[in-house]
Amino acid sequence: MPKNAVAGGLEDKKLLKLERKNGRNDILPFGMLERGTAAGHAVCKIDLGDNRPGTGFLISQNILLTNNHVIPTSTAATKANCTFNYELDADNVPRAQVTLKLKPDELFIASPPCENGGLDYTIVRIVSSEEHRFGHVRATRGSSKISCGEPANLIHHPDGDPKSVTIQDNRLDDDQGLLLKYLSDTEGGSSGAPVFNNRWEVVGLHFGAEPAPAGTRDMRDHPADYLNLAIKLSAIAADLERRTQIESDRRDAIAALSAFEHTDTLLGGYFGGLGRDYDQRAIPLKQIFELYTTVQDIDIGFLEANRVAAESSSRISQLAELISELALDVYILADCTRHAVDSLVKMLHNQYGMLYAAEPVQANGGAQDFLAVWNTQTVKLLECGWEPSVSKAFSVVGGSPKFEDIEGPLFDRRPERYRFARLRGPTETWPPVDIVPFWFVRNDPDSRRRLVATGVLKFVFEKSISHEIAPVLVVGGRFDAARCANAFPSEKESVAVAVEEGSGTTIMVLTRPNSSVKRVWTPPDLVASSGDTNLLAQAPARPARSSLPGSIDSRFLMVRLSFKSPEDSGADGTENDIPPDLLDTISRLT
């Protein structure tokens, strides 16, 4: 050691540093070891008595995930022995093993091996008890948990031997969307093992290997003969979600999905692949690929923020996290300041890499009750506001002697209109969708005000959109659902309404003839109320939260519109008759 060196540094800056990183930074938090150990408890050896052992792991206390080629059928599952703690301790002493059985009669759902076009997974119920608890690996729908070049760690039973870990000289070589390819040491018996990133978040289900392309080098710069393969857990979740719409699979698919957390922002966020078309005759791998690449829906969220994010950076951060998790296309925020929205957009970009835009400041510079935020990569704002010639109706009625029996303002917040189009490519879009936030105060007792306000909104909307082809209107908020459902549709329009019991929050979707909308998806807590309820469909229970922490009333009201293919829409551009005047519109309401 140089004589002028001191602990932790050198007196002479010209001398070389005694400590330095070489290449990739391999300095990791000490807690990584603890997380890896916890994950390993949930991994077991699977033995069917056929001398072809495999590996599996718990994704909940009583749900096991492995390869389909390890447990191919429910009959095979009844014969399986799942051995936990088959491992050596720090002194190379075997631990006390625990063998559990499977209960495929309660849950069994599988996809065939990849060579047969499937995703090579089996999810099955396992016997659990208070006496034997091994924790579980937190399965997630997220598809971006690992990047090329990062370590791909495994916990497995190679050749059926005691539990082992692969954490050295390994890396992800290729992410193909549904499959991961990585350089890691495995053997027969490793099939069904969880593949982790360096944070010990499970990212894939190991199922095999393939010859490496010529010139592939391992971490020691030696020629690599094989690349290991894994199905991404996000792809498995997408397949399960697809199968919730198949009657014969529905029960088990929903049960299996209950073990998956979060959302997959690449697939469609909160609503995932629901309502998307795919070739039902194709192999499962192609079906899932089509779900990821199909663009035929727009997801909308309404939030009565009550200024929860007004000036608090922590609340804005919570809102950004929630939006990144839900991954909707459009958010309409009530009572959220301009400063908060601008900060929100910046945070979504800087922390989550999401490109959102905020509604521009109005030309008159007036206060805005609502502000829109949208994903610029999925939707386009075409226009906002109402036709100037009729928008004055919002204020004229409130000051008219004809309505002096209404106490207070007609609207607590003046409804706004936003016209968005879902992008279908660099230049193409789906037909436009009008979005209107419409919020009454909670438990508003004034029936007369609700009636008149509904009439005003209908009148202004009709005047504003009469020139458009096949428009769709989405109204979200808290309003008189039954009255709106009766008032809005004409002979050429249909309407569907879903209401959340208790809070009274409501989604109303109005479509004109030959609309491009084929299905309206809502969260499971919204119930079809009136109108064309056949248009409505409830999403299965979702793992994502929809409200800000500690804010029960600050929950997103969400809806997905699924579109038909353009050739099936048949829009003819027929215009609707406009009522002669505002009073006539209101007088026809009951």
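Counting with the working numbering, you get residues 794 to 1383 for the letters of the sequence shown.
Backbone N, C-alpha and C define an ideal beta-carbon position, used for all residues, glycine too.
From a predicted model like this one, the values you see are computed outputs, not experimental measurements.
In the structure shown, Pro1317 falls within a coil segment according to DSSP collapsed to helix, strand and coil. Ser1308 is positioned such that its CB atom lies closer than 8 Å to that of Val1265.
Taken through DSSP and simplified to helix, strand or coil, Ala869 comes out as helix. When the five nearest sequence neighbours on each side are left out, the beta carbons in the same chain lying within less than 6 Å of the beta carbon of Gly911 are those of Ser904, Pro905 and Pro1077, in order along the chain. According to the DSSP assignment, Arg1108 belongs to the alpha helix (DSSP H) that extends over Ser1106 to Leu1119.
Counting along the chain, the unbroken beta strand (DSSP E) around Cys837 starts and ends at Val836 to Asp840.
As summarised for the stretch 898-964, the continuous beta strand (DSSP E) elements at least 3 residues long and confined to that stretch are 901-904, 914-918, 946-949 and 957-959, given in chain order.
Sixteen is the threshold: since fewer than 16 other Cβ atoms of the shown chains lie within 10 Å of the Cβ of His925, the residue is exposed. Secondary structure of Ala1246 (DSSP, three-state): helix.
Residue pairing for His999: DSSP places it in a beta bridge opposite Ala1023.
Close CB contacts of Gly985 within its chain, under the 6 Å cut and outside five residues either way in sequence, are with Gly847, Thr848, Gly849, Thr859, Asn860 and Val863 (chain order). Taken atom to atom, the span from the alpha-carbon of Ala831 to that of Val930 is near 8 Å. Inclusion of Phe1356 and Leu1096 in the CB contact set at 8 Å is not warranted, their separation being larger than that value. For Arg1043, the enclosing alpha helix (DSSP H) stretches over residues Arg1043 to Leu1050. For Arg1276, the enclosing alpha helix (DSSP H) begins and ends at Ala1274 to Ala1280. As the crow flies, the alpha-carbon of Thr1222 is around 23 Å from that of Met1301. Rounded to the nearest whole angstrom, the C-alpha separation of Val1245 and Glu1040 is 45 Å.
Remark: C-beta atoms of Ala1280 and Val1290 do not approach each other more closely than 8 Å. As computed with DSSP, Ala1127 is found in a beta bridge with Glu1097 and Phe1163. Between Lys938 and Glu994 a beta carbon distance of about 5 Å is seen, short of the 8 Å cut, so the two are scored as contacting. If you look at Tyr975, you'll find it in the beta strand (DSSP E) that goes Leu972 to Leu976. Rounded to the nearest whole angstrom, the CA to CA distance from Ile1047 to Ile919 is 17 Å. Contact between Arg1243 and Val1229 is ruled out by a C-beta separation of about 15 Å, above the 8 Å threshold. Rounded to whole angstroms, the gap between the alpha carbons of Arg1212 and Gly970 is 33 Å. Assigned with DSSP and collapsed to three states, Val863 falls in coil, not helix or strand.
Burial check for Pro1006: the Cβ neighbour count within 10 Å stays below 16, so the residue is exposed. The DSSP-derived three-state label of Gln1331 is strand. A residue is called buried once 16 or more other Cβ atoms fall within 10 Å of its Cβ, and Thr866, having fewer, is exposed.
Taking C-alpha positions only, Glu899 is separated from Asp1227 by approximately 45 Å.
In terms of Cβ geometry, Gly1218 and Ile1093 do not form a close pair [threshold 8 Å].
Here the alpha carbon of Phe927 sits roughly 36 Å from the alpha carbon of Leu1121. Counting of Cβ neighbours within 10 angstroms places Leu893 among the buried residues, the total reaching 16 or more.
Between the stretch 882-896 and the stretch 1046-1063 there are fewer than three inter-stretch CB-CB distances shorter than 8 Å, so the stretches are not counted as touching. DSSP places Pro1194 in the helix class (H, G or I) of the three-state scheme.
A Cβ-Cβ separation of about 6 Å places Phe1233 in contact with Asp1205 under the 8 Å criterion.
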